[in-house]
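Under this note's numbering, residues 321 to 753 are what the sequence shown spells out, in order. I have placed the structure first, in the form of structure tokens, so that the comments after it can refer back to it.
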Amino acid sequence: MNFPVTSPAAAAQTFIRQLRKPAKILVMVSGGSDSLGLLLALIKAVPDSANADVALSAVTIDHQLRPEAAEEARQVGEICRSFGVKHVVRRWDEVKPNSGISQASRLARYRLVAAVAEELGTTVIVTGHTLDDQLETVLMRAARSTRTENTGLSGMAERTLYAGRHWIFRPFLSVRRADIREFLCREQLGWVDDPSNEDRKYERVRTRQGLEQLSEASVDLSAGEKRKAISNAAACLLKDHAQGEGSGVIWLRNEAFDQKLDMLRHALAAVAAVIGGRQHLPAADSMDRLSAFILQNRLGRMTVSRTVFDRRRDGLYMYRENRSLPSLTIVPGETVLWDDRFMLHNSSAELVDVSANGGKNTELASVIFPNVPVGVAKRAFSSMPDIFDAGGKAILKRSVLMPYELFLPDFDLELAGELAILLDCAPVLQPPV
């Protein structure tokens, strides 16, 4: 295969050059060749930076899955000390699941790294994901779905916002693993090979072992650019033609339906996931049905991903359907996620029971949603949390954009930012460049 490739040194220098200064970089280092190569390349790139106000530190996560992991973390620490780089080790001490261990490990790893980033005042986290990893990711996702709108085909983003607070950069996405290992050998620095990287019971290993037999035409690495383009177009559509109401309704004016169908479809998919409190955008067949409904240009309602699409004469109103809404009790001082849409905090000294409004307090519907039809206001209000304690004090902390709450790839940065405005969420943190 002959994809555009960057050397480890050039990739590190480009990353340092584009970074906003002063910068505190936290490198995720496992002891494998990719992450060690990234660490070493950054160490060498920092003195060459036009602005020397760059600090490096490293973190290793011991997942407690292999007995060798603790020793490997110690070895990484020795390497870091030899270069004068601060090194932190964290252990994943929680009970491990019986299934889905790879995904659970990934989530635990980022959670632990984010905690270290908070402690160190890190401005950016970096990982050693390579071009090889990118190819594997795209191929695995393509095998699960060949639909051209499959967002997974875009692969990993160069930048991802984690938990709304920490930017994660991947400077090596244009670097081949073989070049990293050659770089380490020249510098006489060894690395650890995780035996699980050769275990064919894992999908990624099977995909990796078949990479060299692929032709360049087999993988479309421009999918990320295409996804960002359609996502940005959807953001512009919402900015120009949509209006948010009371953190629970989005109204799309009729002129939006004159826009290109692909950008309209992407915008509606994102709205459905956010208002419906879903982690993923609707499936392609659901969006096919919604597109057909929109193209009919008839008044009526349909539901996709727990979101009601209510077509009226003045446009399309979107709000959460009134079903499968949770009831829960919040203890004093506790913060909980309700319906995957709202983060609620109990600031009182008593237990607070929270359920959906349903048919209660309907006179408040037009107060919270003053600029939408009364019928829309009442339906939307019925699916909102009843967040008033006996004293009438609201305990709503903030709205949540569930698809982007944990991982927001920069493909969707502008779209998430526009949705945050429409639904009164906190502004999206911009990357430190």
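Every residue gets a Cβ at the ideal spot worked out from N, C-alpha and C, and that includes glycine. These numbers come from a predicted model, not from an experiment.
G597 counts as buried, since at least 16 other C-beta atoms from the protein chains shown sit within 10 angstroms of its C-beta. N666 and A746 have their C-alpha atoms roughly 19 Å apart.
A residue is called buried when at least 16 other Cβ atoms come within 10 angstroms of its Cβ; K580 does not meet this threshold and is exposed. Excluding five sequence positions before and after G441, the CB atoms of its chain that fall closer than 8 Å to its own CB belong to K344, given in chain order.
Exclusion of the five residues before and after F613 leaves M622 as the residues of its chain whose Cβ lies within less than 6 Å of its Cβ. For the pair P328 and I500, the CB atoms are nearer than the 8 Å cut-off. By the neighbour-count criterion, in which a residue is buried when 16 or more other Cβ atoms sit within 10 angstroms of its Cβ, A736 is buried. In this structure, DSSP gives M583 a helical state, which the three-state scheme calls helix.
Residue environment for H600: exposed (fewer than 16 other C-beta atoms within 10 angstroms of its C-beta). In the structure shown, S402 falls within a helical segment according to DSSP collapsed to helix, strand and coil. Beta bridge pairing from DSSP links M348 with V379.
In the three-state DSSP reduction, P367 falls in the helix class (H, G or I). Closest in alpha carbon position to N681, among Y430, F701 and V694, is F701. By the CB criterion at 8 Å, F662 and P705 fall inside the cutoff. In terms of CA proximity to V347, I445 leads the group F335, I399 and I445.
Judged by DSSP secondary structure, A740 falls within the alpha helix (DSSP H) whose first and last residues are L733 to L742. Residues D354, S355, L358 and F492 of the same chain have their beta carbon placed closer than 6 Å to that of G448, with the five preceding and five following residues left out of the count. C-alpha of Q508 to C-alpha of V349: approximately 18 Å in a straight line. Between the C-alpha atoms of L749 and V408 there is a straight-line separation of about 26 Å. Nearest to A331 by C-alpha distance, out of A590, R340, S542 and V366, is V366.
For G620, the enclosing beta strand (DSSP E) starts and ends at G620 to V624.
Counted as a single uninterrupted DSSP element, the alpha helix (DSSP H) harbouring E438 occupies residues I421 to L440. The residue among L360, R573, R426 and R401 with its C-alpha nearest the C-alpha of R633 is R573. Looking at the backbone, the Cα of Q333 and that of D373 are separated by about 14 Å. Membership of F727 in any alpha helix (DSSP H) is not indicated; the residue belongs instead to the beta strand (DSSP E) covering F727 to P729. Annotation for I715: no beta strand (DSSP E) segment contains it, and DSSP assigns it neither H nor E. Y639 sits close to S703, with the two beta carbons spaced by under 8 Å. Nearest neighbour of G695 by Cα position, chosen from L385, R631, T326 and L432, turns out to be R631.
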